[in-house]
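Chemist:
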Amino acid sequence: MKEKIYRSHVLICTGTGCVSSGSKNIKHELQDELADNNLLDEIKIVETGCHGFCEKGPIMIVYPEGVFYCQLKKEDVQEIVQEHLLKGRIVDRLLFKEPLTEESIPSYKDIDFYKKQHRIALANCGKIDPESIEEYIANNGYEAAGKALTEMTPAEIIEEVKSSGLRGRGGGGFPTGLKWEFAYKQDSDKKYVICNADEGDPGAFMDRSILEGDPHKIIEGMIICGYAIGADEGYVYVRAEYPLAIKRLQKAISNAEELGLLGDNIFSSGFNFKLNIKKGAGAFVCGEETALMASIEGKRGMPNPRPPYPAEKGLWGKPTNINNVESYANIPHIIAKGAEKFSSIGTENSKGTKVFALTGKIKNTGLVEVPMGTTLREVVFDIGGGLTEGKKFKAIQTGGPSGGCIPSNYLDLPIDYDSLLEVGAMMGSGGMVVMDDSTCMVDVARFFLSFTQSESCGKCTPCREGTKRMLEILNRICQGEGEQGDILLLEEFGHHIKETALCGLGQSAPNPVLSTIKYFKKEYESHIYDKRCPAGVCSELSAAFVINKEECVGCGQCVKVCPVDAVIRDKEENYSIDDNLCISCGACAQKCPVDAIKQG
Amino acid sequence: MVCNCTYEESTKYLEPLQEILKNYQTIEKNLVPILQDVQDEYGYLPRDILSEIATYLDLSLSQVFGVVTFYSQFHLKPRGENIIRVCTGTACHVRGGSEVLEQIQEELNIKNGQTTDDLSFTLETVACIGACGLAPVIMINDETYGRMTAEKVLDVLGEYIE
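As they're listed, the protein sequences go chains A and B. Following the working numbering, the numbering of the first sequence begins with 1 at its first residue and continues without gaps. Following the working numbering, the numbering of the second sequence begins with 1 at its first residue and continues without gaps.
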């Protein structure tokens, strides 16, 4: 089979982010435009997975130059074809502009957002066509599986994973090699390998991007795990909200089966492995491993007490190894390149890299993969480009509903599993939401707790009743009915729930509340005692907005956005706000181009 | 049978279900996939169908009902032709997702979780769609719409209103 050679490859991101920004239209336009110019034989269009820089989507990269075009519109395609692809002139106006210097940067490798990243799990994402097994293999894909199955014994593989220092990327941080060893040592006629892709944390989407952008890597990681622990069957549990990930994984599995990479006697090693996809049905608690297994068995997805751990009694009572998507994505690299190379990156107890989903009030939102030990400041300001509209950094929330809020004095904290725990947050699955001074911390705590409360499965009392009572208190505080003693009561509830809940969901549910009380107690106090929300978010506790006449330029945009017509314009074209009508929603202040509107 | 239909009518009604069941062995682990397929076919999970499934898998109706009510994706009532999902995840929350939700509620005159009387729209909130880079985000059916505002969402809805 001889592959056709093209003079240029145009990569278009078709991850969920870019598709919803219109990348499919860009692709069709490009196809038409190439056809019109008789270029289809010279230039190949490749649909790739996520590049991580969703904020700037739709994204296109032109190889061999590696030129990065972003925020494309349909109308821009013609210019790229005419100028760049025909005449070799880069279209400057469509390049990425450095937020501070406004300088355009042609090559994506030079963009700060990418420069500081170190990509292992995401190495192929955005570089290869996820629906082509050939492209994966051409990038050394399945090399690690070949090495493992033909040159290594299960014990050697486990030793390698153990000495790499890889810890579970799903959040808990349990050493992966140790987990494998437990399952390996069990004597059983049947064992299972499960990949937990029930990524439910609001604000995290790395698992989705890996499955959409590089599904074969997960398959390869699971084959290696199956061989190591002695399992011949695996399940990938994907949440149903990720249709594209399911579709691509399905295709990847059939392609791997066709090439004999899944099925019987893989690499003539005598090892058999079968992989199934299991679609979730919308229950956050199914991300907890025992609940996930109950769900695969066709039951209500409720957790069970551990021990026994899944390694002893897992799926249908058989020894089972469960890891998260990102954990499996690191395995091929560790086996192919060796544990030493992997463990040379990171901190003493947290090796390798971690993918974070950087979102919130930040300029460059998207997926970033950085070495463990990178500081929060580097992530927020160097990679993330700082806060939007020059706002002031207030806190960063890590670990989703199980994590906590970290204030600005910890910006220089090197990120790893243990350092985050020490400050009352946690790694979680790697969501990072940046908050500025217009975010109310009490409201944020209430938001997370209302999430965990509604997702509580109801099996154990501390979680079912406790989170409900905590939420009632928080609702009261946000409505201006907070009482003396509420903070203490929240803390007491929180500690009890942490100690007594059955599973990880309940045990970590109080974290957002406890960490905001720890670092932002003053905000709670001003809600309770001063009946005032300093960030102006809780509308019952917010003062009316006032327009500073000196700064106002009279553009009138505030009039248009005010939902209650509280902005008045007098005969002299002066604007003011009627504080009897104002509901403190803040829409005018957000819209104001000169920041002339402040809360009074 | 709860309904008053004739034998022919009920056979016709159950035909798609029988087609789906053919693809599955009678083991409990197939309950969730069967329910997913059935809901795709019927739009929701009618009670009569649930008893048929229970019989097929040799489970009690209460067991099936327990699973249906546990997972948020399953619905016991008919749903609108277009499903609007408003993300209320963290990133969308801090970037103004609730205003978008309010706007939709006002425009369609339904609350979160309800269906319009003409069965054209069902409005739901979801915890995270996983497109946080584009927050605030809504989904209508399988299409994702990012960077929403209270004004922009009206244009998007307009595409679906006949």
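For glycine and all other residues, C-beta sits at the position ideal for the given N, C-alpha and C.
For LEU45/B, which of ASN82/B, VAL68/B, THR88/B, MET139/B has the nearest alpha-carbon?
Modeler: Closest by alpha carbon: VAL68/B.
Chemist: With a threshold of 6 Å on Cβ separation, who are the neighbours of TYR24/B within its own chain once the five nearest residues in sequence on each side are excluded?
Modeler: If we look at TYR24/B and ignore the five residues flanking it on each side, its Cβ neighbours are ASN30, ILE34.
Chemist: At the 7 Å Cβ level, is THR144/B part of the contact set with chain A, yes or no?
Modeler: Yes - at least one Cβ of chain A is within 7 Å of the one on THR144/B.
Chemist: Return the CA-CA distance between GLY404/A and ASP443/A, expressed in angstroms with no decimal places.
Modeler: Their Cα atoms are separated by approximately 13 Å.
Chemist: Below 7 Å on C-beta distance, what does PRO46/B contact in chain A?
Modeler: What PRO46/B touches in chain A: nothing, since even the nearest Cβ is about 18 Å away.
Chemist: Give a yes or no on whether the minimum CB-CB distance between LYS111/B and chain A is below 7 Å.
Modeler: False, the Cβ-Cβ gap to chain A never drops below 7 Å.
Chemist: Quick one: any contact between the region 56 to 71 of chain A and the region 341 to 348 of chain A, if contact means 3 or more CB pairs under 8 Å?
Modeler: Counting Cβ pairs under 8 Å, fewer than three are found: no touch.
Chemist: Pull up the DSSP beta-bridge partners for PRO175/A, would you.
Modeler: PRO175/A pairs with ARG167/A.
Chemist: For a test of the three-state rule: what should DSSP assign to ALA395/A, helix, strand or coil?
Modeler: Note: ALA395/A maps to strand in three-state DSSP.
Chemist: Among the candidates MET302/A, THR359/A, ALA245/A, GLY385/A, whose CA atom is the shortest distance from the CA of THR101/A?
Modeler: Of MET302/A, THR359/A, ALA245/A, GLY385/A, the residue nearest in Cα terms is GLY385/A.
Chemist: Output needed in chain order: residues of the region 228 to 245 of chain A with a Cβ under 8 Å from some Cβ in chain B.
Modeler: So the list reads ALA240, GLU241, TYR242, PRO243, given in the order they occur along the chain.
Chemist: Can you name, in chain order, every residue of its own chain whose Cβ lies under 7 Å from the Cβ of ILE473/A, other than the five neighbours on each side?
Modeler: Cβ within range, chain order: ASP486, LEU489, LEU490.
Chemist: Please check if any C-beta of chain A sits within less than 7 Å of the C-beta of THR122/B.
Modeler: No, no contact with chain A.
Chemist: Count the C-beta pairs between the region 199 to 217 of chain A and the region 314 to 323 of chain A that are closer than 8 Å, then say yes if the count reaches three, no if not.
Modeler: No: fewer than three Cβ pairs fall under 8 Å.
Chemist: Hey, which unbroken runs of the alpha helix (DSSP H) at 4 residues or more fall wholly within the region 433 to 491 of chain A?
Modeler: Runs found: 441 to 455, 467 to 478.
Chemist: Might you give, ordered along the chain, the residues of its own chain that have their beta carbon closer than 8 Å to the beta carbon of GLU83/A, omitting 5 neighbours on each side?
Modeler: Excluding positions up to five away in sequence, the list reads ARG89, ILE90, VAL91.
Chemist: Please list, in chain order, the chain A residues whose beta carbon lies closer than 7 Å to that of ALA54/B.
Modeler: Under the 7 Å cutoff, chain A gives no residues; its nearest Cβ is about 12 Å from ALA54/B.
Chemist: For VAL564/A and ILE104/B, I'd like the C-alpha separation in whole angstroms.
Modeler: Roughly 17 Å separates the two Cα atoms.
Chemist: Does the beta carbon of MET1/A sit closer than 7 Å to a beta carbon anywhere in chain B?
Modeler: For MET1/A, the predicted model reports a pLDDT of 49, less than 50, meaning its position is unreliable and no value from the coordinates is stated.
Chemist: Can you look up MET427/A in the DSSP assignment and give me helix, strand or coil?
Modeler: Coil at MET427/A, not helix or strand.
Chemist: Starting from MET60/A and walking both ways along the beta strand (DSSP E), at which residues does that stretch end?
Modeler: Note, MET60/A: beta strand (DSSP E), 60 to 63.
Chemist: I'd like to know whether the C-beta of CYS128/B is nearer than 7 Å to at least one C-beta of chain A.
Modeler: CYS128/B counts as touching chain A.
Chemist: For the region 85 to 102 of chain B, which residues have a CB atom closer than 7 Å to at least one CB atom of chain A, in sequence order?
Modeler: For the region 85 to 102 of chain B, which is checked against every Cβ of chain A, the residues closer than 7 Å are GLY89, THR90, ALA91, HIS93, VAL94.
Chemist: Report, in whole angstroms, the separation of the C-beta atoms of GLY15/A and GLY66/A, which I expect to be a contact under 8 Å.
Modeler: Actually they are not in contact, since the Cβ atoms of GLY15/A and GLY66/A sit about 19 Å apart, beyond 8 Å.
Chemist: Judging by CA-CA distance, which residue of GLU573/A, SER539/A, TYR529/A, HIS527/A is the nearest neighbour of LYS549/A?
Modeler: Closest option to LYS549/A, Cα to Cα, is GLU573/A.
Chemist: Can you tell me where the alpha helix (DSSP H) with TYR13/B in it begins and where it stops?
Modeler: Segment 7 to 22, the alpha helix (DSSP H) holding TYR13/B.
Chemist: Going along chain A in order, which residues have a C-beta closer than 8 Å to the C-beta of LYS29/B?
Modeler: What LYS29/B touches in chain A: ILE296, GLU297, GLY298.
Chemist: Need the endpoints of the alpha helix (DSSP H) that LEU541/A sits in, please.
Modeler: It is not in any alpha helix (DSSP H) - LEU541/A carries neither H nor E in the DSSP assignment.
Chemist: Any contact of the region 232 to 245 of chain A with the region 109 to 124 of chain A, i.e. 3+ C-beta pairs under 8 Å?
Modeler: Counting Cβ pairs under 8 Å, fewer than three are found: no touch.
Chemist: Under 7 Å between the Cβ atoms of SER20/A and GLY146/B?
Modeler: The answer is yes: Cβ separation under 7 Å.
Chemist: For PHE70/B, would you say it is in contact with chain A, using Cβ-to-Cβ distances shorter than 7 Å as the test?
Modeler: It does; some Cβ of chain A falls within 7 Å.
Chemist: Counting only C-beta atoms, is PHE451/A closer than 7 Å to chain B at any point?
Modeler: Interface residue, yes.
Chemist: Which residues in the same chain have their Cβ closer than 6 Å to the Cβ of VAL236/A, if we skip the five residues on either side of it in sequence?
Modeler: Excluding positions up to five away in sequence, the list reads CYS195, ALA197, ILE277.
Chemist: With the cut-off set at 7 Å, would you say PRO407/A and TYR519/A are in Cβ contact?
Modeler: Yes, the pair counts as a contact, with Cβ atoms nearer than the cut-off.
Chemist: Alpha carbon to alpha carbon, how far is ILE105/A from PHE284/A?
Modeler: If I take the Cα positions, the gap works out to 41 Å.
Chemist: So the candidates are TYR114/A, LYS56/A, LYS44/A; which of them puts its Cα closest to the Cα of LEU85/A?
Modeler: The candidate whose alpha carbon is nearest that of LEU85/A is LYS44/A.
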